[in-house]
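Here my numbering runs 660 ahead of the position in the sequence shown, where the first position is 1.
Note that the Cβ used here is the ideal one computed from N, Cα and C, for glycine as well.
The structure presented is a predicted model; accordingly, all values stated were derived computationally and were not measured.
To start, the structure under review is shown below, and the notes come after it.
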Amino acid sequence: MNAEFDVVALGELLIDFTGSGKSSQGNGLFEACPGGAPCNVLAMLRRLHRSCAFVGKVGDDLFGRLLRDTVADIGIDTTALIVDPEARTTLAFVQTMPDGDRDFAFYRNPGADMLLRAEDLPEQTIRKAKVFHFGTLSMTHPSVRAATERAVALAKEGGALISFDPNLRPPLWASLEDARQAIHWGMGQCDVLKIADNELMFVTDQEDFYEGATILQKRYPNIRVLNVTAGAGGSYSFYGQEAPVFVPACHLGGVIETTGAGDTFCASVLNFALDHGIENLTATDRRAMLEFANAAAYIVATRKGAIRSMPEPEEVAALLAKDPFPKV
């Protein structure tokens with residue numbers, strides 16, 4: 661394959677306003693953090709020295725220009741990032757709850773990312789990607805869904821590895837059934853699936869990770885590597901008929917908020933796939949993959965935001981050298 665980029669990702673690029681305490685008057689403060697799951701993935705891959713390109717749309721406003729400049733500054737190719745003069749950039753307000761869960765409020769009706777069209781796609785760039793990554797927020801509305809479906813088809817034509825992360829955000833869907841159908845479509849397309857515990861339950865109605873993953877493996881034999889993330893509960897890797905591998909999460913304290921942790925995990929897995937491929941992976945291979953991904957995700961959870969908070973590989977290596985995982 662004559663690849664132009666290691667990874668091309670399509671989807672939302674937005675501002676995550678994360679809680680930052682209170683002002684002297686007692687008003688809530690929010691920090692404007694560049695984010696959006698697909699570009700978060702690319703940001704971590706850039707830390708790992710991968711060549712990356714982003715496909716999407718932002719508004720020609722203060723936030724859109726901030727996002728464009730931020731993405732370009734960290735070395736992600738922005739040739740296919742469209743700045744739309746007629747649209748506003750999507751905003752997300754993120755509040756971390758006492759139990760560690762997050763509550764989202766989105767300003768996206770419409771947001772520029774929803775307005776990407778199939779004719780906007782850089783077809784040759786997508787065809788030449790080694791890996792193509794996408795989620796479901798680029799499938800919430802007809803125009804951007806058509807663009808996503810076309811992009812996946814182009815990537816497959818070029819022989820790319822297809823990576824999918826559902827990244828379920830219920831407030832952005834007209835109905836949860838639409839979301840469920842989009843997730844099932846994405847799972848039917850991908851080679852590598854990263855799915856969170858709540859998303860696995862959403863699509864299989866199974867609380868047991870092993871039972872849920874088995875259902876998906878039977879329904880979607882195209883999924884070669886199926887990884888389930890469970891936050892503080894660790895992560896699991898399912899691979900064909902091989903025994904699943906589990907790695908605990910790091911419990912070293914200092915977690916601020918988990919925005920971007922799953923994307924950091926996803927990027928780490930894709931980096932592993934680029935280094936090793938996805939054929940004939942042993943349990944030792946998959947354990948090493950999960951350990952690096954869990955450690956990287958932990959580090960980003962100790963920082964605010966995502967795109968500018970990704971760890972350097974040396975930081976992850978230093979953490980792994982401390983054997984940070986509880987014994988199971």
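In chain order, what residues of the same chain have a beta carbon less than 7 Å from the beta carbon of residue i, not counting five sequence neighbours either side?
| i | result |
| --- | --- |
| ALA663 | LYS788, ALA789, LYS790 |
| ALA806 | ALA778 |
| VAL915 | ALA961, THR962 |
| GLY688 | GLY679, LYS682 |
| VAL743 | VAL718, ASP720, GLY724, ARG728 |
| TYR899 | VAL885, LEU941, ARG946 |
| THR738 | PHE714, ARG728, VAL731, ALA732 |
| VAL863 | ARG840, ILE843, HIS844 |
| PHE877 | The identity of residue 877 in the sequence shown is Gln, whereas the question assumes Phe. Around GLN877: ILE883, LEU886, PHE898. |
| LEU702 | VAL667, ALA669, CYS712, PHE714, ILE736 |
| ILE855 | PRO826, VAL888 |
Please list, in chain order, all residues of the same chain as residue i whose beta carbon is under 8 Å from its beta carbon, the five residues on each side excluded.
| i | result |
| --- | --- |
| SER895 | ASN887, VAL888, THR889, PHE906, VAL907, ALA909, PHE925, LEU950, ALA953, ASN954 |
| ASP857 | PHE869, VAL888, THR889, ALA890, GLY891, GLY893 |
| GLN866 | LEU860, GLY872, ILE875 |
| PHE972 | It is worth fixing the name first, because residue 972 is Glu in this sequence and not Phe. The answer, listed in chain order, is ARG707. |
| ASN882 | GLY848, GLN849, CYS850, ASP851 |
| LEU912 | TYR958, PRO984 |
Can you find a C-beta in chain C that's less than 8 Å from the C-beta of residue i?
| i | result |
| --- | --- |
| LEU930 | Considering every chain present, this structure includes no chain C. It has just one protein chain. |
Please go through the same chain and pick out, in chain order, the residues whose beta-carbon is closer than 6 Å to the beta-carbon of residue i, but skip the five residues on each side of it.
| i | result |
| --- | --- |
| TYR958 | CYS910 |
| SER803 | ARG777 |
| GLY771 | THR750 |
| ALA943 | VAL905 |
| PHE792 | VAL668, ALA815, ALA820, ILE822 |
| PHE753 | PHE677, ALA765 |
| LEU979 | ALA955 |
Which whole-angstrom value is the C-beta distance of residue i and residue j, which I expect to be below 8 Å?
| i | j | result |
| --- | --- | --- |
| LEU828 | THR796 | 7 Å |
| LEU741 | TYR767 | No, LEU741 and TYR767 are not in contact; Cβ-Cβ is about 20 Å, not under 8 Å. |
| LEU712 | ILE967 | One point to set straight first is that residue 712 is Cys, not Leu, in the sequence displayed. That pair is no contact at about 12 Å. |
| VAL919 | GLY965 | According to the sequence provided, residue 919 is Thr. The question's Val does not apply to it. Right, their Cβ atoms sit about 7 Å apart. |
| ARG810 | LEU853 | So it is not a contact: roughly 21 Å between Cβ atoms. |
Go ahead and label residue i buried or exposed: buried means 16 or more other beta carbons lie within 10 angstroms of its beta carbon, across all protein chains shown.
| i | result |
| --- | --- |
| ASP868 | exposed |
| LYS717 | buried |
| MET709 | It should be pointed out that residue 709 corresponds to His in this sequence rather than to Met. Counting Cβ neighbours within 10 Å, HIS709 comes out exposed, since fewer than 16 surround it. |
| PHE825 | The amino acid at residue 825 is misidentified as Phe; the sequence shows Asp. With 16 or more Cβ atoms within 10 Å of its Cβ, ASP825 is classed as buried. |
| GLY686 | exposed |
| ASN940 | exposed |
| ASN931 | buried |
| ALA815 | buried |
| LEU836 | exposed |
| GLU817 | exposed |
| THR730 | buried |
| LEU722 | exposed |
| HIS936 | exposed |
| SER684 | exposed |
| GLU672 | buried |
| PRO831 | exposed |
| ALA956 | buried |
| GLY747 | Per the sequence shown, the amino acid found at residue 747 is Ala instead of Gly. Buried, by the Cβ-count rule. |
Helix, strand or coil for residue i? Go by DSSP, reduced to three states.
| i | result |
| --- | --- |
| ALA772 | helix |
| ILE938 | coil |
| VAL863 | helix |
| LYS790 | strand |
| ASP676 | strand |
| SER835 | coil |
| SER798 | helix |
| THR785 | helix |
| ILE959 | helix |
| SER823 | strand |
| GLY846 | helix |
| PHE906 | strand |
| PHE985 | coil |
| ALA966 | coil |
| ASP857 | helix |
| ASP780 | helix |
| LEU912 | coil |
| LEU828 | coil |
| GLY922 | helix |
| ALA669 | strand |
| ASP851 | coil |
| Complete runs of the alpha helix (DSSP H) confined to the segment 865-898 [at least 4 residues] | DSSP runs (the alpha helix (DSSP H)) wholly in the segment 865-898: 869-879.
| said: My parser needs the alpha helix (DSSP H) runs of 4 or more residues fully inside the segment 687-754; what are they? | reply: Listed in chain order, they are 697-707, 722-733.
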